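S.K.:
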Amino acid sequence: MDCRVYPEIGDPWLMIGGGGGSGGGGGGQMLGETFSHESEHDLAAMVSDFLENGSSCGADSRCSSDSDSGFCELAHLADKISCYKVLLDQHEIDMLSVVNSLVLSISSMDLEFMRCSCNTSCIRFSLVKLLRLSGYDAAVCTSRWQCTGKVPGGDHEYIDIINYNDSGNSDRLIIDIDFRSHFEIARAVPSYNRILNMLPIVYVGSLTKLNQFLQVMVEAAKSSLKQNSMPLPPWRSLAYLQSKWHSPYQRQIHPEIEPVSDPFVSQHKLCGGHLNRLKSLIQFEMETDRNHLKKPAGRVKVDRWRIRTP
Numbered sequence: 216m217d218c219r220v221y222p223e224i225g226d227p228w229l230m231i232g233g234g235g236g237s238g239g240g241g242g243g244q245m246l247g248e249t250f251s252h253e254s255e256h257d258l259a260a261m262v263s264d265f266l267e268n269g270s271s272c273g274a275d276s277r278c279s280s281d282s283d284s285g286f287c288e289l290a291h292l293a294d295k296i297s298c299y300k301v302l303l304d305q306h307e308i309d310m311l312s313v314v315n316s317l318v319l320s321i322s323s324m325d326l327e328f329m330r331c332s333c334n335t336s337c338i339r340f341s342l343v344k345l346l347r348l349s350g351y352d353a354a355v356c357t358s359r360w361q362c363t364g365k366v367p368g369g370d371h372e373y374i375d376i377i378n379y380n381d382s383g384n385s386d387r388l389i390i391d392i393d394f395r396s397h398f399e400i401a402r403a404v405p406s407y408n409r410i411l412n413m414l415p416i417v418y419v420g421s422l423t424k425l426n427q428f429l430q431v432m433v434e435a436a437k438s439s440l441k442q443n444s445m446p447l448p449p450w451r452s453l454a455y456l457q458s459k460w461h462s463p464y465q466r467q468i469h470p471e472i473e474p475v476s477d478p479f480v481s482q483h484k485l486c487g488g489h490l491n492r493l494k495s496l497i498q499f500e501m502e503t504d505r506n507h508l509k510k511p512a513g514r515v516k517v518d519r520w521r522i523r524t525p
C-alpha cells in the first residue's frame with residue numbers, strides 16, 4: 216500500500232519523509248505557500264534537528280490503520296469540525312458562496328495578466344480584483360514572523376475583507392483559498408484523512424473561528440502521528456499555524472510588477488493547473504453541500520461587507 220502523503224509547496228518534512236507530486240493523500244489539493252530565504256534556512260535546520268533527535272518512527276509503523284483509542288479520539292474531533300462548520304453565521308456562509316462563485320469565474324487568461332511573482336499569488340490577486348469590483352474592501356495580506364523557540368520563521372499569503380460599521384469599528388474576514396493544505400501530514404491514518412476532507416476547500420470566516428479549526432486539526436494530527444509512533448513536527452504545531460494568520464501583515468491591492476520572462480510564463484501555466492484543480496474541488500464541494508441541504512443554488516448578496524458610499 217502506498218503510504219506517501221504529498222506536500223504543500225515548501226513543507227520539507229513531507230518532502231524528506233514521503234515523496235513528492237501534485238496529489239494529496241488526504242484529498243486536499245495544494246496550491247502552495249511561500250517562505251523567505253531566511254525562513255527556509257531556519258526551517259531546514261529545524262527539520263534536520265527534528266529528524267536526527269525527535270523522530271522515532273520505525274520501519275514497522277502502521278501507515279493505514281487506526282488504533283481503537285485513536286479512532287475514538289479522531290471521531291470525536293470529526294464531530295467538532297462538523298459543529299464548527301454549522302456554527303458559521305449566515306454572513307460568513309453567504310460570503311463563502313460569493314467567494315466560491317468568483318473563483319469559479321477566474322480563467323487562466325486572467326492569471327496571465329497578473330504580472331507578479333507567482334506561487335499562486337496571481338490567483339489571490341485575481342480574486343481580490345473581482346471582490347473589489349463587487350464592492351468589497353479586499354486585499355492580499357502577506358504575514359511574516361521570525362523563528363522563536365521551536366516555532367520556525369516563515370511567511371504566508373492570504374486574503375482579507377474589512378468592513379467598517381457605523382460606530383467606526385471594523386470587522387475582518389479571513390479568506391484562505393487553500394485551507395486544507397495547511398494540515399496535510401505524513402502517513403495519515405484513514406480517519407484523519409476523513410477529517411481533512413471535512414474542512415472547507417476555501418476558508419471564509421473570522422480569526423476566532425479559524426482558531427477553532429486550527430486547535431482541532433492539531434489535536435487530530437497528534438493523534439494520527441502518535442498511532443505511527445511519530446511526533447508532531449514544529450511546523451504543524453498550533454503556534455506555527457497561528458503565526459500564519461496572527462502575525463503582522465501588509466495589505467496589498469495590486470501585485471508588484473515583475474518583468475515578463477519564460478520562467479514567469481511557465482509559473483503562470485503551473486498556476487493555471489492549480490486553478491483548475493481548485494475550481495474542480497469547489498464545484499464538487501458546492502454540489503455535495505447542495506445535495507445534503509437540498510437547497511437550490513441561487514445568487515447571494517452580502518451587503519454587510521460591501522464598501523459603503525456616502
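The number in the numbering used here is simply the position in the sequence shown, starting from 1, with 215 added.
Glycine residues also receive a C-beta, built at the ideal position from the N, C-alpha and C atoms.
Because the structure is a prediction, the values reported are computed rather than measured.
What are the residues that DSSP puts in a beta bridge with residue 378?
M.R.: Paired residues: 386.
S.K.: Where does residue 545 land, buried or exposed, given buried means 16+ other C-beta within 10 angstroms?
M.R.: Any answer about residue 545 is impossible in this case: the structure gives the chain only from 216 up to 525.
S.K.: Does the contact criterion of 3 or more C-beta pairs under 8 Å hold for the region 379-396 versus the region 358-370?
M.R.: no
S.K.: Just to confirm my understanding: we take residue 315, look at its own chain, exclude 5 residues before and 5 after, and list those with CB closer than 7 Å. What are they?
M.R.: 417, 497, 501
S.K.: Can you look up residue 356 in the DSSP assignment and give me helix, strand or coil?
M.R.: strand
S.K.: Rounded to whole angstroms, how far is the Cβ of residue 374 from the Cβ of residue 348, which I believe are closer than 8 Å?
M.R.: No, residue 374 and residue 348 are not in contact; Cβ-Cβ is about 14 Å, not under 8 Å.
S.K.: Compute the Euclidean distance between the alpha carbons of residue 324 and residue 350, then round it to the nearest angstrom.
M.R.: 23 Å
S.K.: Does the Cβ-Cβ distance between residue 338 and residue 414 come in under 8 Å?
M.R.: no
S.K.: For residue 298 and residue 384, I'd like the C-alpha separation in whole angstroms.
M.R.: 29 Å
S.K.: Could you give the C-beta distance for residue 452 and residue 433, rounded to a whole number, given that I count them as a contact under 8 Å?
M.R.: 7 Å
S.K.: Within 10 Å of its beta-carbon, does residue 420 have 16 or more other beta-carbons around it, so buried, or fewer, so exposed?
M.R.: buried
S.K.: According to DSSP, is residue 371 helix, strand or coil?
M.R.: strand
S.K.: Write down the C-beta distance between residue 346 and residue 376 rounded to the nearest angstrom, noting that I regard them as a contact closer than 8 Å.
M.R.: 7 Å
S.K.: Look at the alpha carbon of residue 289 and the alpha carbon of residue 406, and state the distance between them as a whole number of angstroms.
M.R.: In this model, residue 289 and residue 406 are separated by some 7 Å (Cα to Cα).
S.K.: Taking the straight line between their C-alpha atoms, what separation do you get for residue 491 and residue 317?
M.R.: Put simply, the backbone Cα of residue 491 is about 13 Å away from that of residue 317.
S.K.: Kindly indicate the opening and closing residues of the alpha helix (DSSP H) around residue 431.
M.R.: Segment 422-442, the alpha helix (DSSP H) holding residue 431.
S.K.: Since residue 470 and residue 322 are thought to touch, with beta carbons under 8 Å apart, how far apart are those beta carbons, to the nearest angstrom?
M.R.: Incorrect: roughly 17 Å between the Cβ atoms, too far for contact.
S.K.: Cβ atoms of residue 454 and residue 366: under 8 Å apart, would you say?
M.R.: yes
S.K.: So for residue 393, helix, strand or coil by DSSP?
M.R.: coil
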